[in-house]
Amino acid sequence: MSPFTLVSLDAKSGNPAGQQARIDAIGLFLAHANRLPELRRHAAPIRRFAVASLNANKKYFCVDQSELEKFDGIAAGKYTIGLGQTKMSFCDDREDIYSFALTTVSSLFKKYNIDPKTIGRLEVGTETLLDKSKSVKSVLMQLFEESGNYNVEGVDTVNACYGGTNALFNSVNWIESSAWDGRDAVVVAGDIALYAKGNARPTGGAGCVAMLIGPDAPIVIEPGKRGSYVRHVYDFYKPDLTSEYPIVDGHFSIKCYIEAVDACYKAYNEREATLKSQQNGNGVNGHAEEQETPLDRFDYMAFHAPTCKLVSKSYARLLYNDYLKNPSNPIFAEVPAEVKDVSYDASISDKTVEKTFMALAKKRFAARVQPSIQVPTMCGNMYCGSVYASLCSLLANIDSQTAQGKRVALFSYGSGLASSLFSFTIKGSYENIAKQLDIQSRLDARRVVAPEAYDAMCDLRKQAHLQKDYTPKGETDGILPGTYYLTGVDSMFRRTYEIKQ
804 MSPFTLVSLD
814 AKSGNPAGQQ
824 ARIDAIGLFL
834 AHANRLPELR
844 RHAAPIRRFA
854 VASLNANKKY
864 FCVDQSELEK
874 FDGIAAGKYT
884 IGLGQTKMSF
894 CDDREDIYSF
904 ALTTVSSLFK
914 KYNIDPKTIG
924 RLEVGTETLL
934 DKSKSVKSVL
944 MQLFEESGNY
954 NVEGVDTVNA
964 CYGGTNALFN
974 SVNWIESSAW
984 DGRDAVVVAG
994 DIALYAKGNA
1004 RPTGGAGCVA
1014 MLIGPDAPIV
1024 IEPGKRGSYV
1034 RHVYDFYKPD
1044 LTSEYPIVDG
1054 HFSIKCYIEA
1064 VDACYKAYNE
1074 REATLKSQQN
1084 GNGVNGHAEE
1094 QETPLDRFDY
1104 MAFHAPTCKL
1114 VSKSYARLLY
1124 NDYLKNPSNP
1134 IFAEVPAEVK
1144 DVSYDASISD
1154 KTVEKTFMAL
1164 AKKRFAARVQ
1174 PSIQVPTMCG
1184 NMYCGSVYAS
1194 LCSLLANIDS
1204 QTAQGKRVAL
1214 FSYGSGLASS
1224 LFSFTIKGSY
1234 ENIAKQLDIQ
1244 SRLDARRVVA
1254 PEAYDAMCDL
1264 RKQAHLQKDY
1274 TPKGETDGIL
1284 PGTYYLTGVD
1294 SMFRRTYEIK
1304 Q
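Residue numbers for the sequence shown follow the numbering used here, beginning at 804 and rising by one.
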């Protein structure tokens, strides 16, 4: 069975010589039991996160958000404090979702000697669409040609930033079903997040995560513990296929996100209570007796991160939900009395509610969530890959021994909207994984370009989008071996790539 998988976080990086490194290969594994009857009782676990390689690629860049504030002529701190963002990753016209995914999955196979014949499912979650018919997964099948393995289920799944999680759920369900043939699955979650000029542009980013689903993992999905919330809303959508830019109702989208946090937490709690009752009252958490409030049963959390400020508000919102459930809990003794009378709709934007519970959650957030926002803070929003980049950060920043037996909750959100809250337990060492991640030094090594260069590259991508008879203008110097990059688009829109040798 394949031992590791890759995550390409597309953290644009560079050094004094002008080369750039990106966090390219962090592996996420799901394990499964050996027998189908057991599979129906035990969830498939994530196997590992591991860095397979460090790709230095001149085409990956980042821009400093404080410099972007100056360039955009807005008040200092608007992006860095107001949004909680430090840097933002991006790419030029040499990159697209196909090159992201090809580089990530090919590195997975090569660096860890994975035989493509051992893969029985490959599913991609993305909203970065280049074709209304042909899937990204089908493009990735060229990586299977030499092995002759074309018996690989799965295609693409699309719903804004939620596609990767849906692909993950589908793959776990496949492993737990009678359709499973004993082989591993690969899940790819990645996007290029770009916005038109304006107040949404600093919330962009780029990245790709690949997850190998196989046996014997230290990070185990908790069976049945999941809560979801899906509605029809127009908070963020992409009806104009001639443009990479979405239509965004910013304030409404934040409202939808917060409502999804509330609803998923409620659904998760109800599901967990049902499972507990089915277990004849047996505890669902080894340290349940120590909980001050229900939120404490999650030792760590990772969120989809449109902005890191929204992540901090959302974690505080979970504590507010605990307050509504039990306002007499001593930890809420200093909550203003009027908070209890705030209506639900008003509470979404009520500043007293927000400030009160952000203050109450401050220490919990620092210990349980702050370790997960390192990559989102430094790279921006990766859309489908965002929540898994957060999980990468968490594993890189929390000592493996400390994490043993701990529970980790993930909140995934995609506009439109679809969302889920689900959880894992740590049941094995990931010490070597964290060592190989080496996230901080790689983030520090990135090449930071001026806002003018970022703006020019956004214009370049706009000119290149869905063009035929097109030759990319971005340079190829500095791209490291093994990296896929676009070389041209012919008169029939067929895209060709080369691998840097």
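Idealized CB from N, CA, C, for every residue including glycine. What you are looking at is a predicted structure, and each value in this text was computed from that prediction instead of being measured.
How about residue i and residue j: do their beta carbons lie closer than 9 angstroms?
{"i": "GLY887", "j": "ILE1176", "result": "yes"}
{"i": "ALA1219", "j": "TYR998", "result": "First, the residue type needs correcting, since residue 1219 is Gly and not Ala in the sequence shown. No; because the gap between Cβ atoms is not below 9 angstroms, this pair is not in contact."}
{"i": "LEU801", "j": "VAL1178", "result": "Here the chain covers residues 804 to 1304 and nothing more, so residue 801 does not appear."}
{"i": "ALA1206", "j": "TYR1233", "result": "yes"}
{"i": "GLY1017", "j": "GLY993", "result": "no"}
{"i": "ILE1024", "j": "PHE1225", "result": "yes"}
{"i": "TYR863", "j": "ARG1250", "result": "yes"}
{"i": "LEU1198", "j": "ALA1162", "result": "no"}
{"i": "LEU871", "j": "PRO1130", "result": "no"}
{"i": "LEU971", "j": "MET1014", "result": "yes"}
{"i": "THR906", "j": "GLY1208", "result": "no"}
Shortest alpha-carbon distance to residue i belongs to which of the options?
{"i": "ALA1105", "options": "GLN1270, THR1180, LEU1263 and LEU1289", "result": "THR1180"}
{"i": "ASN1002", "options": "VAL1114, THR1110, PHE893 and GLY1188", "result": "THR1110"}
{"i": "LEU1213", "options": "TYR1103, VAL1012 and GLY1007", "result": "TYR1103"}
{"i": "PRO1275", "options": "PRO1284, LEU1289 and GLY876", "result": "LEU1289"}
{"i": "SER938", "options": "GLU956, ASN952 and GLU948", "result": "GLU956"}
{"i": "ASP1099", "options": "ARG1249, TYR1118 and THR906", "result": "TYR1118"}
{"i": "THR1096", "options": "VAL1064, ASN1132, SER1080 and GLN1081", "result": "ASN1132"}
{"i": "ALA1267", "options": "SER909, LYS935 and THR1045", "result": "THR1045"}
{"i": "ASP1038", "options": "TYR1048, GLY1053 and GLU1047", "result": "GLY1053"}
{"i": "GLY1291", "options": "ALA970, LEU1198 and GLN1270", "result": "GLN1270"}
{"i": "ARG1120", "options": "GLN1081, TYR1060, SER1080 and PRO1174", "result": "TYR1060"}
{"i": "ASN1235", "options": "GLY880, SER1189, SER1203 and TYR1123", "result": "SER1203"}
{"i": "CYS1182", "options": "LEU1194, ALA904 and GLY1007", "result": "GLY1007"}
{"i": "VAL1036", "options": "SER892, ARG1264, ALA1063 and ALA878", "result": "ALA1063"}
{"i": "THR1159", "options": "ILE1201, ALA1020 and LYS1116", "result": "LYS1116"}
{"i": "GLU1157", "options": "LYS1112, TYR1191 and PRO1284", "result": "LYS1112"}
{"i": "GLU949", "options": "ASN973, LYS920, THR960 and SER910", "result": "LYS920"}
Can you list, in chain order, the residues of its chain whose CB lies under 8 angstroms from that of residue i, leaving out five sequence neighbours each side?
{"i": "THR1155", "result": "PRO1139, GLU1141, VAL1142 and VAL1145"}
{"i": "ASN954", "result": "GLY923"}
{"i": "ARG1074", "result": "GLY1027, LYS1028, ARG1029 and GLY1030"}
{"i": "ASP1043", "result": "ILE1050"}
{"i": "CYS865", "result": "ALA814, LYS815, SER816, LYS890, MET891, SER892, PHE893, MET1181, CYS1182, ARG1249, ARG1250, VAL1251 and VAL1252"}
{"i": "SER1150", "result": "TYR1123 and VAL1156"}
Per DSSP, what kind of secondary structure is residue i in: helix, strand or coil?
{"i": "ILE1024", "result": "strand"}
{"i": "VAL1051", "result": "strand"}
{"i": "LEU809", "result": "Low confidence applies to LEU809: its pLDDT is 34, below 50, so where it sits in the model is not reliable, and the reading given next is rough at best. It is coil, neither helix nor strand."}
{"i": "ALA963", "result": "coil"}
{"i": "ARG1029", "result": "strand"}
{"i": "PHE912", "result": "helix"}
{"i": "ARG1298", "result": "strand"}
{"i": "TYR998", "result": "coil"}
{"i": "THR1279", "result": "coil"}
{"i": "ASP1293", "result": "coil"}
{"i": "ALA1259", "result": "helix"}
{"i": "ALA982", "result": "coil"}
{"i": "LYS890", "result": "strand"}
{"i": "SER1218", "result": "coil"}
{"i": "ALA1119", "result": "helix"}
Tell me which residues share the same chain as residue i and place their Cβ nearer than 7 angstroms to its Cβ, disregarding the 5 neighbours each side in the sequence.
{"i": "SER1031", "result": "CYS1067, ALA1070, SER1222 and SER1223"}
{"i": "VAL1114", "result": "PHE1106, ALA1108, VAL1172 and ILE1176"}
{"i": "PHE1135", "result": "TYR1126"}
{"i": "TYR1048", "result": "LEU997, TYR998 and ALA999"}
{"i": "PHE1296", "result": "LYS1271"}
{"i": "SER1189", "result": "CYS964, HIS1107, ALA1108 and PRO1179"}
Write down the C-beta distance between residue i and residue j rounded to the nearest angstrom, noting that I regard them as a contact closer than 8 angstroms.
{"i": "ILE1050", "j": "CYS894", "result": "So it is not a contact: roughly 22 angstroms between Cβ atoms."}
{"i": "LYS940", "j": "GLU926", "result": "7 angstroms"}
{"i": "VAL908", "j": "LEU946", "result": "6 angstroms"}
{"i": "SER869", "j": "THR883", "result": "5 angstroms"}
{"i": "LEU933", "j": "ASP896", "result": "The pair is not a contact, with the Cβ atoms about 13 angstroms apart (cut-off 8 angstroms)."}
{"i": "ILE1282", "j": "LYS1303", "result": "4 angstroms"}
{"i": "ALA1169", "j": "LEU1122", "result": "Between LEU1122 and ALA1169 the Cβ distance is about 13 angstroms, and since that is not below 8 angstroms, they are no contact."}
{"i": "ILE1022", "j": "PHE1227", "result": "5 angstroms"}
{"i": "TYR1300", "j": "VAL1012", "result": "20 angstroms between Cβ atoms; not a contact."}
Going by beta carbon distance, what residues of the same chain come within less than 6 angstroms of residue i, once the five residues before and after it are set aside?
{"i": "VAL942", "result": "TYR901"}
{"i": "GLY1217", "result": "ASN962, ALA963, CYS964 and TYR965"}
{"i": "GLY967", "result": "GLY928, ALA992 and CYS1187"}
{"i": "ASP1272", "result": "SER1294"}
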